[in-house]
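Undergrad: The structure under discussion is supplied below as structure tokens; questions concerning it will follow.
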Amino acid sequence: MDIDFRKIFFAIALFAGAWWYVSNHYDLTDAFKWAKARPVAADREKYVYYVGMVYYAKDKPTEAAEAFRELLTEEATGHYEAKAMMRMGRSLQDLRRFEEARAVYERYIEVFPTGADIEVVKKNYEYVKFK
């Protein structure tokens, strides 16, 4: 079995070039605008959630809270609502906006009393309750 290293090298170079182009010409703000403009609500919800998660993972709580707020106001119900609510509360907590975080945690506890992350939310709520 012969391996054609030229094809492998070409594929790697093509992937690296595409990665470089996208990373130098686009940022998450562009992705957020693109996600908000999606015509299908289910797609928009998914894309906005993942943009928020990337902001959250990159430790950009202001942008993450904005993305999650957009998701929760536009898509009142959906698959990503509980996770977005939890992450938005945590982002607001990181920004030291404790009253807003408290309101988000209270809403989570009210809407999702048996949610998968209820213990984490209750723990975070106890932290921000008297701040």
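Position 25 of the sequence shown, counting from 1, maps to 24 under numbering that gives the first Met the number 0, and the rest follow consecutively.
All C-beta atoms, glycine included, are put in the ideal place defined by N, C-alpha and C.
Do valine 53 and methionine 84 come within 7 angstroms of each other at the CB atom, strictly closer than that value?
TA: No.
Undergrad: What residue range is occupied by the uninterrupted alpha helix (DSSP H) comprising proline 60?
TA: Where proline 60 is concerned, the enclosing alpha helix (DSSP H) stretches over 60-73.
Undergrad: So which of Val47, Asp93 and Met87 has the shortest CA-CA distance to arginine 106?
TA: Closest by alpha carbon: Met87.
Undergrad: Quick check on DSSP: helix, strand or coil for lysine 32?
TA: Residue state, collapsed to three classes: helix.
Undergrad: Could you give the DSSP three-state label for tyrosine 107: helix, strand or coil?
TA: In this structure, tyrosine 107 counts as helix in the three-state DSSP scheme.
Undergrad: In this structure, does DSSP put lysine 130 in helix, strand or coil?
TA: In the structure shown, lysine 130 sits in coil (DSSP, three-state: anything other than H, G, I, E or B).
Undergrad: Give the straight-line distance between the Cα atoms of asparagine 23 and isoleucine 7, rounded to the nearest whole angstrom.
TA: When rounded, the distance between both Cα atoms is 24 angstroms.
Undergrad: Three-state secondary structure (DSSP) at isoleucine 2?
TA: It is coil, neither helix nor strand.
Undergrad: Alpha carbons only, please: which of Tyr126, Glu44 and Phe14 is nearest the one belonging to arginine 95?
TA: Nearest option by C-alpha distance: Tyr126.
Undergrad: Could you give the DSSP three-state label for arginine 43: helix, strand or coil?
TA: In this structure, arginine 43 counts as helix in the three-state DSSP scheme.
Undergrad: Consider the Cβ of tyrosine 46: report whether some Cβ of chain B lies at a distance smaller than 7 angstroms.
TA: Protein chains in the displayed structure number just one, and chain B is not present.
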